[in-house]
Each structure stands twice: as structure tokens, then as C-alpha cells.
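Numbering (UniProt numbering), first residue to last: 1 to 389.
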């Protein structure tokens with residue numbers, strides 16, 4: 001009777017015995033067999049399987065908890081009556097953990113439940129966790145963002161005191177700042193003596209001094225309460241005779257920036273000077289040829305000349321090894337024997353010459369000595385005859 005009035009044939013002819021099931025239920029899932037009789041072949045049958053899928057009913061919510069030292073469930077997520085069973089994941093940076101349970105329905109559906117747990121603190125209040133559900137019938141994963149709700153007693157601070165409550169000041173104000181969940185129910189201002197001075201006016205969390213005098217040279221207390229407890233904070237104020245002018249503190253950032261800029265500039269200048277000097281050293285290096293040695297004025301080397309240029313009485317020719325020179329009297333050419341001749345001539349000593357080496361002769365022939373220094377006019381330079389050692 002489960003299919004009564006819900007199953008009909010699509011065609012009146014038995015050639016196409018297809019059926020339609022209305023008001024489909026999860027319990028309708030299963031194997032269906034079609035059997036028909038033929039002549040003369042006999043009975044024939046065919047079997048098909050009906051698979052039922054159910055989209056889950058997804059939901060998620062945050063659980064209000066009180067800050068404490070034990071791990072509790074702070075959020076719950078559920079995928080109910082789905083087929084096949086859904087998968088639940090938690091995305092969070094809070095640092096908790098989760099637990100999951102699965103229950104089967106009488107009609108073949110599955111319900112999946114998951115809890116997100118942690119040790120709640122005041123800092124966790126308002127943080128986000130995300131429930132993510134995946135299931136075959138869903139086009140995309142289902143997600144829900146939850147904000148944790150952690151309740152805690154108040155924490156109190158007093159702000160506004162600037163250490164400049166001078167006699168006659170009319171704009172002195174103190175603020176009682178409280179953090180609590182739920183919000184504070186009462187805020188109470190008192191002094192060390194109990195009651196507030198006549199010059200003080202209180203509006204909610206604000207304490208205003210209409211005129212500063214010795215009466216407010218005291219200790220103020222602010223007490224805040226909510227359903228989880230109370231908290232208080234005290235502040236001692238000092239009344240001075242005269243107003244303190246504010247002292248402008250140096251701008252640390254500007255000072256540090258100036259010092260760094262100066263150091264960078266000095267470093268750049270030093271680097272440029274170093275590069276310039278290095279460039280000068282590279283371009284003004286030592287000469288690549290040895291300069292001729294200096295010749296003494298009036299020495300005996302001033303009249304030596306190369307054969308290609310007849311010597312004059314005023315020319316000075318440095319001696320070089322292997323070169324041929326003529327004597328100033330028009331004698332035969334002579335050859336410089338070695339490099340020490342220049343050094344000897346510069347020192348005033350006569351050069352060592354080898355006249356016979358140029359002619360191919362050897363020996364000490366007095367006829368080749370040439371004219372003596374007595375025949376040279378005064379004031380003129382000359383080259384002495386060679387001496388053989």
C-alpha cells in the first residue's frame with residue numbers, strides 16, 4: 001500500500017510499460033522489477049535500481065560561553081537529513097579543535113553534526129570561525145562565517161590625566177574606559193574620602209572638573225560592573241600652582257634622518273676624492289723611457305756629436321754605447337766602449353774610448369793620440385784622447 005495512488009503508467013499501451021512515481025519518498029529507493037508475459041516465449045522481466053539523493057539542511061551558529069580554563073564548544077555546525085552523508089570542515093586561526101558525530105535516519109538519510117571547541121579567553125571574543133559543508137547534491141561547498149561570543153568581567157583603565165592640573169583650570173577631564181562582555185551595567189566614580197568634590201561633574205564614564213582647586217588633589221576610583229563581576233582602577237591627581245608649558249620633544253625621526261644624510265654625503269665626498277686621486281695616479285705614472293743623465297756645464301762631453309752632424313763648439317751630445325763620434329779637431333771617429341762612459345763624463349772624468357776597435361787595430365800608438373789640450377783655445381770644450389786600461 002506504500003505506492004497506492006502514487007504510481008501510474010505513462011502509456012496506455014503495454015508496448016511501453018514505463019511508470020511514474022509521484023510524491024517521491026526516501027523509502028522509495030530500491031530495485032524495481034518489470035515482468036511481462038509473451039506467447040510463445042513465456043514470461044520475461046527486467047530490473048532497474050532507484051537511487052535516492054537528499055540535499056542536506058545546513059546550519060551553523062556560535063555558542064555563547066564564559067571565559068575560563070576548560071575546553072568548551074564555542075560553535076556548532078550541522079548538515080541534517082542528507083544522502084549521502086555530508087562532510088563538515090572548520091576553518092579558523094583561533095587554534096581550537098573539533099569533534100563530529102553521525103546519525104542515520106529511518107528513511108536512509110544521514111545527519112552530521114560538528115562542534116568547534118577551545119579554552120575561551122577574553123581575546124577570543126569576536127574572532128571568526130568558518131563552517132564548510134560539502135555534499136554530492138550541492139553545486140559548491142556551503143560556508144557560514146561565525147563570530148565567537150565569549151563573555152568576561154570588565155577590565156578598567158582611566159585616561160585623560162596630563163600631569164598639568166593647575167589651580168583655576170576648567171577643562172580637566174578623566175575617562176573611565178572599560179572592556180567587557182556583556183556591556184557594563186554600572187560605572188561609579190569615587191575618591192579616597194568617599195564622596196566627590198563639589199567642583200566635579202560625572203556623565204556616564206566621564207568625570208569633568210569645572211574648576212581645579214585643592215579639593216581635586218586626591219585619588220579617584222572608577223568601578224565598573226557587569227553580570228560576570230566588577231573591576232576598578234585608581235588614579236592620583238596632583239594640583240600645581242602654575243600651568244606647565246608643554247615642552248616640545250625633539251623629533252627623533254628628523255634628527256636620525258639628518259645624521260644619516262650627513263654620513264651619506266661625507267661618504268660620497270670621500271669616495272669621489274679617492275677615485276680622482278686613483279685616476280691621477282694611473283694617468284701620471286712613471287715615464288716609460290729613461291731620460292738622459294744631466295751633463296755638467298763646461299765638462300769634456302759638451303762637444304761630442306754624432307758623425308751625421310759635425311760637432312760645433314757649443315753643442316752637447318750625451319754618450320751612448322756603440323755610437324761613433326768625431327773629435328773636435330777633425331780626427332778619426334772613435335767608439336764609446338760601454339755605458340759607464342756617460343757616468344764617467346758626467347763626473348768630469350775622461351771617457352773610455354777605443355779608437356783602434358773602429359779601425360781594427362790594437363796597441364798603444366802615440367801617433368793616434370791627436371792634439372794635446374794645450375792647443376785648444378781657452379773657453380772651448382774638447383774631448384780628450386782615449387785612454388787604454
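All C-beta atoms, glycine included, are put in the ideal place defined by N, C-alpha and C. It should be emphasised that the depicted structure is a prediction, and the values quoted were computed from it without experimental measurement.
* the segment 177–192 / the segment 225–242 touching (three or more Cβ pairs under 8 Å) -> yes
* Using the beta-carbon count (16 or more within 10 Å), is residue 269 buried or exposed? -> exposed
* Of the listed residues 33, 57 and 62, nearest to residue 124 (C-alpha basis) -> 62
* Does DSSP put residue 124 in a helix, a strand or coil? -> helix
* To do: Provide the residue span of the beta strand (DSSP E) that contains residue 223, from first to last.
  => 219–226
* **Cα-Cα separation, residue 11 to residue 37** => 18 Å
* Run through DSSP, which three-state label would residue 57 get? -> strand
* Asked: Do the CB positions of residue 69 and residue 154 come within less than 7 Å of each other?
  -> no
* Asked: Is there at least one non-hydrogen atom of the ligand COA closer than 6 Å to the beta-carbon of residue 133?
  -> Here there are no bound small molecules, and the ligand COA is not part of this structure.
* To do: Give the secondary structure of residue 370 by DSSP, where H, G and I count as helix, E and B as strand, and everything else as coil.
  => Caution is warranted here: a pLDDT of 45 is assigned to residue 370, below 50, making its placement in the model unreliable, and the coordinate value is therefore given only provisionally. Of the three classes helix, strand and coil, the one that applies to residue 370 here is coil, per DSSP.
* Under 7 Å between C-beta atoms of residue 110 and residue 73 -> no
* residue 138 versus residue 55 - alpha carbon distance -> 7 Å
* To do: Look up residue 8 in the DSSP assignment and give the residues it is bridged to.
  => 20
* Looking at C-beta atoms only, is the number of pairs between the segment 138–148 and the segment 156–172 that lie closer than 8 Å three or more? -> no
* Drop a sphere of 10 angstroms on the beta-carbon of residue 279, count the other beta-carbons inside from all chains shown, and report buried for 16 or more, exposed for fewer. => exposed
* Asked: Given 8 Å as the limit, is there contact between the segment 235–245 and the segment 200–208, that is, 3 or more CB pairs closer than that?
  -> no
* Among 199, 220 and 113, which has the Cα closest to the Cα of residue 159? -> 220
* Identify which residue in 22, 214, 45 and 210 has its Cα closest to the Cα of residue 31. => 45
* Whose CA, out of 150, 108 and 35, lies closest to the CA of residue 183? -> 150
* Name the two residues that bound the continuous beta strand (DSSP E) containing residue 159. => 150–159
* Do the CB positions of residue 165 and residue 237 come within less than 7 Å of each other? -> yes
* Start-to-end residues for the beta strand (DSSP E) that takes in residue 115 -> 110–118
* Backbone secondary structure at residue 15 - three-state DSSP -> coil
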